[in-house]
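In the numbering used here, the protein residues as written are 2 to 197. All residues carry an ideal CB built from backbone N, CA and C; glycine is no exception.
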Amino acid sequence: MIRILALLCGFSFCCGAAKAQPVTPFPDRVRALLDSEWTELSITSALCTDTVQVYATAVRLKRETPKSPVYYSLPLGQAAPEKAAVSEKELQMLYTDVLAAAKAAFAHQYPVEILNSLPPEKAKEMIRSGAVKVGPNDVEMLSIRGRTAAGEVLLIEYGPFAPLDTTMQTLFHTKLLEVKPSEHKSILGLDPYAEE
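This is the structure:
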């Protein structure tokens with residue numbers, strides 16, 4: 002029955018009887034969330050390896066009202082200073098790199114493609130410095146959860162986010178830590194290894 006409905010829906014779409022709703026590109030959805038009057042924002046950048054291990058950097062931002070000061074906490078068992086405030090300059094720096102990560106993910110430009118586009122010496126330097134991580138089937142995942150007046154939003158995409166990792170570690174003194182399989186969904190928003 003479901004297969005028949007799918008065929009009928011496909012047929013009506015092909016014939017022009019039904020119009021597909023345009024999908025807003027991932028970077029635009031991320032920008033809309035960052036620009037919204039959010040009160041909570043969780044940002045996670047995670048390296049998902051082909052050996053079913055996940056290493057993540059994460060931060061949670063919170064403010065009582067959209068105009069209140071922003072404070073942060075670290076949700077991976079790391080302690081943040083009590084009432085750790087985030088300046089407007091730090092917030093804008095974070096936003097810039099989150100948007101860059103969202104664009105890289107949307108373009109599906111993986112580390113090997115980035116390295117292949119660079120002069121050999123620059124590529125070697127980026128590997129040595131850890132700025133670009135390369136694994137046989139490793140991918141990085143960007144997960145952003147926000148609480149706004151309109152409700153909760155969850156945005157997830159895959160791609161290379163090394164600059165975002167570095168920004169988060171610098172701004173919030175957070176570290177790249179292994180996430181246990183039992184915590185994948187709560188930390189990342191979904192289990193990246195679950196069968197669809």
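Per DSSP, cross-strand counterpart(s) of residue i
i    : result
I44  : V60 and I145
A85  : Y73
V55  : C49 and V180
V140 : C49
Alpha-carbon spacing of residue i relative to residue j, whole angstroms
i    : j    : result
T45  : P120 : 30 angstroms
F222 : K186 : In the structure as shown, the chain starts at 2 and stops at 197, and residue 222 therefore has no counterpart that could be examined.
V53  : G160 : 17 angstroms
V60  : P76  : 6 angstroms
E179 : T50  : 11 angstroms
S69  : L92  : 13 angstroms
L143 : V31  : 10 angstroms
S37  : E83  : 26 angstroms
I157 : I145 : 6 angstroms
T66  : K125 : 46 angstroms
S183 : K176 : 20 angstroms
D29  : Q79  : 31 angstroms
Y96  : G147 : 13 angstroms
CA nearest to the CA of residue i, picked from the options
i    : options           : result
R64  : E122, P28 and Y73 : Y73
D166 : D29, R32 and A47  : A47
L172 : T66, E196 and S88 : S88
Exposure of residue i, with buried meaning 16 or more beta-carbon neighbours within 10 Å
i    : result
A105 : buried
D98  : buried
S43  : buried
L155 : exposed
R129 : exposed
G17  : Unreliable positioning characterises G17 in this predicted model, as indicated by a pLDDT of 44, which lies under 50. A coordinate reading is not provided.
A86  : exposed
T25  : exposed
A150 : exposed
Runs of alpha helix (DSSP H) wholly within the segment 152–180 (minimum 4 residues, chain order): 163–173
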